[in-house]
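First to last, the protein sequences are chains A, B, C and D. Heads up: the first sequence runs through residues 1 to 245, numbered per my numbering. Heads up: the second sequence runs through residues 1001 to 1288, numbered per my numbering. Heads up: the third sequence runs through residues 2001 to 2288, numbered per my numbering. Heads up: the fourth sequence runs through residues 3001 to 3223, numbered per my numbering. Glycine included, each C-beta is placed from N, C-alpha and C at the ideal position. Step one of this worksheet: look at the structure below.
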Amino acid sequence: MQAIDHHAWTNHWRDRHPLEKLLPALSLLVLTLALPPLKIGPLALAGATLATVCGAGIPLKTALSVLAAPAAFLLAGVPFLAISLRFNDGFSLHFSPEGLQLALETSVRALAAVSCLSFLTLTTPLADWTPLLRRVGIPAGIVELILLVYRLIFVFAERALTGRQAQTARLGYSRLDRSVRSLGLLTGSLFQRSLEQARRLEIGLAARGYSGDLRVLQPEHVLSWPWLLWAMTLVGLVGLAGYWI
Amino acid sequence: MTAPLLALCGVDYTYPGGVMALHGLDLTVAKGRKLAILGANGSGKTTLLLHLNGTLQPTRGEILLSGQPVRYDRRFLTDWRRRVGLVMQEPEDQLFAATVGQDVSFGPLNLGLTIGEARERVAEALTALQINELADRATHTLSFGQKKRAAIAGILAMRPELLALDEPTAGLDAHGVAHLLDALQQLHAAGATLVFATHDVELAYAWADQVAIFHEGVVLRQGETAAVLADIEVMSRARLRPPLLLELAQLLREECGDEVWRPPRSREVLLAQLRERLQDDGNERCCG
Amino acid sequence: MTAPLLALCGVDYTYPGGVMALHGLDLTVAKGRKLAILGANGSGKTTLLLHLNGTLQPTRGEILLSGQPVRYDRRFLTDWRRRVGLVMQEPEDQLFAATVGQDVSFGPLNLGLTIGEARERVAEALTALQINELADRATHTLSFGQKKRAAIAGILAMRPELLALDEPTAGLDAHGVAHLLDALQQLHAAGATLVFATHDVELAYAWADQVAIFHEGVVLRQGETAAVLADIEVMSRARLRPPLLLELAQLLREECGDEVWRPPRSREVLLAQLRERLQDDGNERCCG
Amino acid sequence: MHIAEGFLPPLHAAAWTAISLPFVIFSARRVTRLMQDQPQTKLLLAASGAFAFVLSALKLPSVTGSCSHPTGTGLGAILFGPSVMALLGTIVLLFQALLLAHGGLTTLGANVFSMAIVGPWVAYAVFHGTLAINAPLAISVFLAAMLGDLATYAVTAGELALAFPDPVSGVGGAFIKFAAVYLPTQLPLAVIEGLLTVVTVNLLKQYSRNELDNLAFALGGAK
């Protein structure tokens, strides 16, 4: 979490207008879902990773580690696409060639799609999304709620980490039953402290005139049309290539 | 004589649970002063501060803002909180936005300022606390000292007449304290009235021009810093110990019988004066 | 010569994000000592402490526990953490259970002790910190100072050989500090080895018998308290300022040329000595 | 168990989004109204949402050795009620996709349906159903959290089966396949989450009465 968030705030394209990153990334994502995966997939994966690493200047290692997050899910699920279950005389498992094809396509599509998503998350801090969320019709109150959650996540994550270290120092995780008890206690005390934090924040914000709205200055980015067109053209070319190859 | 900026007269406060936190408290905040509210931990300093901007309402007694009795309706409170800014001890209790600049803009926008005006206020507040370069930094990546300053900037951007700070130096190291006091000193020079609650007698001695000794819900004594801190009876009743610098100065004065000498408020000055006295061989006033 | 209780040799630590927090750090903790790790805020003191009980594993370098290289398997870690207890800065981060007694019993029960034994340990730890009467109190109703003591009791109940404390006096007023140090002093007298990380030079001067100056991931100098704190070059490199008591003592020594005099560690003693000197009219060694 | 970005075929991704959307919109309306009535509700809900995210990022002690996390579904349903959980859960899933790369944007609808809608409703129904027949609180909490977890996982397996029917035995066969693959990890995790939630609720009951009452008050008839 810290790594993704850190790069989102510090990458080379941090100050680009969020639309300049969002539109191409989402378009590429849609293309990878819509076009035959084995053709578009590798191209999209390569394109998104290139943009992440060479364009935004994210270390390759970080980009790959983000890709690895869903890998466990794929590893567990995908092989079973290639095996079919039959119920005639009891039940039996059989290898199925079309299943193998499906498994391969699904893996490639998922990896390509994740690379598009990771481009987006590694280059655009969550705070920059808010004007866009407003524009697609999400009510101001909900957007404020989302932003507040974002801020508090870091406050609470720090406490959770320290709390866990403190419990570990007292051998709270030395056996499974102790681990369950420790984690349960940690959860309870974190929740209690979260509610207290909300109450103190209410006092702190009231001192600044809070009456229900959390209005702040919106981040100012200038949309560069040439940049956006250029990026969309590249995405279009990738799509065309994926279609024609 | 003009009315003081803020005056609390015979204020009682009892928490909903039944705990009585303030007990006939009197306090006067004069314009342009640096007032330290000095008390041990748990003496209720935070409760007192929460009365200064109307967060808590006294169960009895009166509060006067520029000589006028306060009211607790929305309109009056809005104006009151514009004039009296409260900085909480924990910056996490006050910072809520994703970036420093956004956070600081919250108060000004609540005042109904335009985007342009709010932007100006943000720049001004960040400059006053010397953290311009943090404007676009994510709040959660700041150090503790930076968070403290960002929280103060958030209040400052509302241009309060009175700035009340709860334990402003808690958790900061010597360097951080010096840095923060420097910024506050500049605000004071620019005309701000400052009130801060602290348990640190050395800080109060070095920095306040008035001190109110607070203990068990009452102000035992309010007055000029050196005089109040030298009042051994009041200090020990409040479980406080006089600052080392003052004790040293008093010792020197007693032993050397120098009535005119004003005790220095900073460590450097005391050390320099002491050195001078000790070197001054011909001077028989001190040390036989 | 017996091996020190704990020794860190050339330890590097880089956080997963790539930030290097320790950088070839050497530190020795001898049995029965009171060692202060002194550094400015953000110098990485907490990261260092987390290495003392195996919470963090060095990216390079060696850690020796009683002369034996440590391992990071479950068995070794369990034994290590039984021997080295770590008290976090914020007591809130360390108190989980509903009452003080329940919380203190957490460690002993994790050691596999019976309910009866755990009960004894709890009573013993609460007595050591003079908070017996808090056993059945709900943790969230405690004052800050009481929480600090409850957190320390929770570690103490595991009877560690070494007690490491992160900023033990942070947030406490003078009274609270004195109270806590008194309890720690008794533990030390009973044989405990104490390590504490702090940015408070006055505290380190008054209380440690060894000091390690920590700055940007390295220990600049470790040694006897007075000698290290008087090392102006090292102190200023670590952005620390010598304690006032030491500066005063040095001033007196320089001016009066008294080489034999040992600088006093407590304020009372210094003031008394100073008074004596100033009164001692016949004595021409000082102040001409 | 989040379905990874791009794992579902586009039609399925869109369909699950369409199915989840009304629930989330209903929940968002409700939450918006609560927030307008009481300004402090926004701060309470944000703290709860952030707490739920942090909880879901805590590594669970696992018997199988795989890296797994609590879902918090049961706890959330008990504390906030399912109608608030639909929105809070969606926000948490969004953050998981964007900050942790768990799940995804196109699969958000499917994940929301299993984790923020079905799971909480099942947990909520079990909790109040068992309480109604006078089961001890600990048993109710345990069953609610465990069955909420299992329901989530069953729905996920169902979503996968619908997307990838077995060429021979169809959706039914595929469901058995997917259910079987994840069962060895999910069953013990559900039990652990059940136990964990019992410890948590016990602690909260002991020392957070006031806070819980305030929360219930702020959320009005959410329960």
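- Three or more Cβ pairs drawn from the segment 2214-2226 of chain C and the segment 2017-2035 of chain C lie within less than 8 angstroms of each other, which places the two stretches in contact.
- Taking the CA atoms as reference points, L217(A) sits about 11 angstroms from T130(A).
- Between the segment 1113-1133 of chain B and the segment 1048-1057 of chain B there are fewer than three inter-stretch CB-CB distances shorter than 8 angstroms, so the stretches are not counted as touching.
- Contact annotation: in the segment 130-153 of chain A, residues whose CB is within less than 9 angstroms of a CB in chain B are T130, L147, L148, Y150, R151, L152, I153.
- Straight-line spacing of the CA atoms in L75(A) and T52(A) works out to 24 angstroms.
- Proximity of chain B to V216(A) at the Cβ level (cut-off 8 angstroms) is accounted for by A1097, Q1102, D1103, S1105, F1106, L1109, in chain order.
- Under the three-state reduction of DSSP output, K2034(C) falls in the strand class.
- Taking all protein chains in view, the Cβ of Q101(A) is surrounded by fewer than 16 other Cβ atoms within 10 Å, so the residue is classified as exposed.
- Burial is judged here by how many other beta carbons sit within 10 angstroms of a residue's own beta carbon; D2073(C) has fewer than 16 and is exposed.
- Taking every protein chain shown into account, the CB of A46(A) has fewer than 16 other CB atoms within 10 angstroms, so this residue is exposed.
- Under DSSP, D2166(C) forms a beta bridge with A2197(C).
- Residues G1145 of the same chain have their beta carbon placed closer than 7 angstroms to that of G1176(B), with the five preceding and five following residues left out of the count.
- For E1120(B), DSSP records no beta bridge to any residue.
- At least 8 angstroms separates the CB of D1182(B) from every CB of chain C.
- Neighbours of Y3182(D) in chain A, taken as residues whose beta carbon is under 9 angstroms from its own, are A76, G77 in chain order.
- Annotation: A1150(B) to A1157(B) spans about 10 angstroms, alpha carbon to alpha carbon.
- Around the beta carbon of H3002(D), 16 or more other beta carbons lie within 10 angstroms, which makes this residue buried.
- Under the 10 Å beta carbon count, A2189(C) is surrounded by fewer than 16 other beta carbons and is classified as exposed.
- If you look at T2014(C), you'll find it in the beta strand (DSSP E) that goes 2006-2014.
- Look at the segment 2152-2177 of chain C: the residues with a C-beta under 7 angstroms from a C-beta of chain B are A2170, G2171, L2172, D2173, A2174, H2175, G2176.
- Under DSSP, M232(A) shares a beta bridge with no residue.
- Within chain A, no residue has its beta carbon less than 8 angstroms from that of L1134(B); the closest one is some 12 angstroms off.
- Beyond the five residues adjoining it in sequence on each side, M3115(D) comes within less than 7 angstroms, by CB distance, of T3071, T3073, G3089, L3093, T3152 in the same chain, given in chain order.
- Pairing A2138(C) with T2099(C) gives a Cβ-Cβ distance under 8 angstroms.
- According to the DSSP assignment, G188(A) belongs to the alpha helix (DSSP H) that extends over 176-206.
- Residues of the same chain with a CB within less than 7 angstroms of the CB of L3196(D), apart from the 5 flanking positions on each side, are P3070 in chain order.
- The Cβ neighbour count for I245(A), taken over all protein chains shown within 10 Å, is under 16; the residue is labelled exposed.
- Q1068(B) and R1033(B) have their C-alpha atoms spaced approximately 20 angstroms apart.
- Residue F1196(B) holds the alpha-carbon nearest to the alpha-carbon of T1169(B) among A1153(B), R1159(B), F1196(B), G1154(B).
- Annotated as distal: C116(A) and A241(A), with beta-carbon spacing of 8 angstroms or more.
- By the criterion of a C-beta distance shorter than 8 angstroms, L148(A) is surrounded in its chain by L214, once the five residues flanking it on both sides are discounted.
- By the Cβ neighbour-count rule, Y1205(B) is buried, with 16 or more other Cβ atoms within 10 Å of its own.
- If you draw a straight line from the Cα of V222(A) to the Cα of W9(A), it is about 17 angstroms long.
- Within chain C, the C-beta atoms nearer than 9 angstroms to that of L3203(D) come from F2096, A2097, A2098, in chain order.
- Contact with chain A is found for N2053(C), since one of that chain's Cβ atoms lies less than 8 angstroms from the residue's Cβ.
- Under the DSSP assignment, H1179(B) falls in the alpha helix (DSSP H) whose first and last residues are 1174-1189.
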